[in-house]
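Asks: Attaching a single structure in structure tokens format; questions to follow.
Put into structure tokens, the structure is as follows:
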């Protein structure tokens, strides 16, 4: 695992975004890494865009950064909202039924 790992998941409220982010952050923390999280969500019970970012490092961290190593996209909006944070080595895991990746051009292409 890299010394500094930046990870995000996004989708619709009710998709389990917060639960997934929290579980991942706890696992990293229990593995001895420093963790900082950030949540973005609509004030609705169900529906609306929501995202969870996790930064994990071997050193203390005090914020997330605008660079993603891993993006889990459950909706097209997740890809669109985070496109400028992807780099040549980024990995995207996506829901093929809710995202249109056929037109996707990776950064630097």
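In the numbering used here, the protein residues as written are 88 to 196. Backbone N, C-alpha and C fix where the C-beta goes; we use that ideal spot for every residue, glycine too. Here the structure is a predicted model, which is why all the values come from computation and not from measurement.
Who are the Cβ neighbours of residue 152 in its own chain at under 7 Å, not counting the five residues just before and after it?
Replies: Excluding positions up to five away in sequence, the list reads 93 and 142.
Asks: Under 8 Å by Cβ, that's how I've got residue 121 and residue 150 pegged, so tell me the actual separation to the nearest angstrom.
Replies: Actually they do not touch by this definition, with Cβ atoms about 12 Å apart.
Asks: Any idea which residues DSSP pairs residue 167 with across the strands?
Replies: In the DSSP output, where bridge partners are listed per residue, residue 167 has none listed.
Asks: How is the alpha helix (DSSP H) around residue 112 delimited, first residue to last?
Replies: Unbroken alpha helix (DSSP H) run through residue 112: 104 to 117.
Asks: Check whether the stretch 161 to 179 and the stretch 113 to 120 touch, using three or more Cβ-Cβ pairs below 8 Å as the test.
Replies: no
Asks: Is it buried or exposed, residue 183, if we count other Cβ atoms within 10 angstroms and call 16 or more buried?
Replies: exposed
Asks: Counting C-beta neighbours from all protein chains within 10 Å, is the total for residue 138 16 or more, i.e. buried, or is it exposed?
Replies: buried
Asks: Mind checking which residues open and close the beta strand (DSSP E) that includes residue 143?
Replies: 136 to 144
Asks: Given a cut-off of 8 Å, decide if residue 124 and residue 108 are closer than it, judged by their beta-carbon atoms.
Replies: yes
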